[in-house]
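The opening residue of the sequence shown carries number 50 in this note's numbering; numbering runs sequentially from there.
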Amino acid sequence: MCSANVTSGSIRSLSKWNIESCVRSRSHRYKITASGISDSSVKDWFPPAMLPVLQHPVIKSMPSNHQKSLQARYLVHFLNHTTALEHLIINNAVENIIHKRMRVEFEDSMCTIGLMIYTDEAYHALFSDQLAADVAKYFQIERSQSSRLLQLQKLIESL
Numbered sequence: 050m051c052s053a054n055v056t057s058g059s060i061r062s063l064s065k066w067n068i069e070s071c072v073r074s075r076s077h078r079y080k081i082t083a084s085g086i087s088d089s090s091v092k093d094w095f096p097p098a099m100l101p102v103l104q105h106p107v108i109k110s111m112p113s114n115h116q117k118s119l120q121a122r123y124l125v126h127f128l129n130h131t132t133a134l135e136h137l138i139i140n141n142a143v144e145n146i147i148h149k150r151m152r153v154e155f156e157d158s159m160c161t162i163g164l165m166i167y168t169d170e171a172y173h174a175l176f177s178d179q180l181a182a183d184v185a186k187y188f189q190i191e192r193s194q195s196s197r198l199l200q201l202q203k204l205i206e207s208l
């Protein structure tokens with residue numbers, strides 16, 4: 050079906066893929082509850098380096114529930130972006146490789162790995178979408194699509 054050199058190490062590293070994958074072997078649903086939200090500290094949602102705005106004196110002076118709401122908005126945006134990235138961009142690229150829509154051909158074993166990646170990325174999209182929906186509902190946040198990914202999608206479609 051498809052052709053490119055795959056090392057035995059890359060195949061071996063995926064030999065337990067169906068058993069060891071975190072996305073499929075662990076429960077992926079977080080329970081978004083009032084007590085869970087009130088008990089968590091703001092820094093639990095993201096590493097400080099990902100949201101340096103939280104270090105601004107105005108933000109630091111806000112009540113913790115406002116800080117959590119701000120982080121929740123960023124989390125929903127981040128998860129919406131992740132869902133679209135996994136589904137529209139990454140899986141689309143893998144699909145094109147698997148179905149020989151590229152100028153490069155790959156060996157069948159590489160196509161099998163591609164299908165594994167496709168499955169994992171779809172599961173990441175599912176997880177991200179469900180968590181974004183739960184957080185958005187709890188914090189009453191309107192969800193929107195990532196404008197950056199929509200522009201990237203248009204660019205890809207124009208090629």
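We put the beta carbon where it would ideally sit given N, CA and C, even for glycine.
Can you say whether residue i is buried or exposed, counting buried as having 16 or more other CB atoms within 10 angstroms of its CB?
i: methionine 159; result: buried
i: serine 177; result: buried
i: glutamine 189; result: exposed
i: histidine 173; result: buried
i: leucine 208; result: exposed
i: alanine 83; result: exposed
Is the beta carbon of residue j closer than 9 Å to that of residue i?
i: leucine 198; j: leucine 128; result: no
i: glutamine 202; j: leucine 137; result: yes
i: valine 153; j: isoleucine 162; result: no
i: alanine 213; j: valine 107; result: Nothing about residue 213 can be reported from this structure: the residues present for the chain run from 50 to 208 only.
i: isoleucine 81; j: aspartate 183; result: yes
i: tyrosine 167; j: asparagine 140; result: yes
Determine the DSSP secondary structure at residue i, reduced to helix, strand or coil.
i: methionine 151; result: coil
i: glutamate 69; result: helix
i: leucine 175; result: helix
i: glutamate 191; result: coil
Just the Cα atoms here: how many angstroms apart are residue i and residue j?
i: methionine 165; j: glutamine 179; result: 21 Å
i: methionine 281; j: glycine 85; result: The displayed coordinates of the chain run from 50 to 208. Any statement about residue 281 would go beyond what the structure contains.
i: leucine 103; j: glutamine 116; result: 8 Å
i: phenylalanine 155; j: leucine 175; result: 28 Å
i: isoleucine 205; j: glutamate 144; result: 14 Å
i: alanine 53; j: lysine 149; result: Bear in mind that the predicted position of alanine 53 carries a pLDDT of just 44, short of 50, making it too unreliable to give a figure here.
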